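Report on one structure; see the data block that follows.
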Amino acid sequence: MKNQTKKIILAALFAALTCAATMSIRIPTPGTGGYIHPGDAIVILSGVILGPAYGFLAAGIGSCMSDLLGGYLNYVPVTFLIKGLVALFAALVYRKAAVSSKGRIAGVVLGGIIDIVFVAGGYFLFEYVIYGIGAAASVPANIIQGVSGLIISLILYPILSAVPDVRRLLHAQQ
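Mapping of the sequence shown onto mature numbering (1 follows the signal peptide of the UniProt record, and there is no 0): residues -20 to -1, 1 to 154, in sequence order.
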């Protein structure tokens, strides 16, 4: 019961962190109305640290809250789904890869690659329905956002994994 409570609290913290990281630094992308942000790093790490279910919820809720608070109302449901799925699949890949320290890093990298594919592809499909082929304009920015999320998650992973409660959760994922 105590571990479950800690996991719920960490999931809430990761949701808040995802929202704050997404809203704190916004680099507008010309012609798309969107922006590049560091929130994807927390999305990836939500899955890696919290596992598939809690990671899905933390990443999905935190990311869609930033859309809700930022005035991107039409993106709220798709953001919840895309970012939640990124965390879910990042968690599953991490579990398979985390048999060694190099495997754990590889798991984070693979989670970042999943982020790039799901974010660029998912938002393209959603925006294609709304804007048609003009949706392709957002793909390069979403790829840049995904790559930056991968790099930031690789920087944060060793720092977060040094926290005792986080380390216990990571070992539970293996």
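Yeah, the Cβ is synthetic: ideal placement off N, Cα and C, and Gly gets one too. None of the values given here were measured: they were computed from a predicted structure.
Asked	Found
Where P8 falls, given that 16 or more other Cβ within 10 Å makes a residue buried	exposed
Endpoints, alpha helix (DSSP H) assigned at L130	119 to 141
With 16 other Cβ atoms within 10 Å as the buried cut-off, status of residue 156	Any property of residue 156 remains undetermined from this structure, which presents the chain solely from -20 to 154.
Counted within 10 angstroms of its Cβ, other Cβ atoms place R147 as buried (16 or more) or exposed	exposed
Under 8 Å between C-beta atoms of S133 and I24	yes
Rounded separation between F(-7) and A1 - CA only	10 Å
Y15, DSSP secondary structure in three states	strand
Span of the alpha helix (DSSP H) around I41	32 to 50
For I5, the three-state DSSP class (helix, strand or coil)	coil
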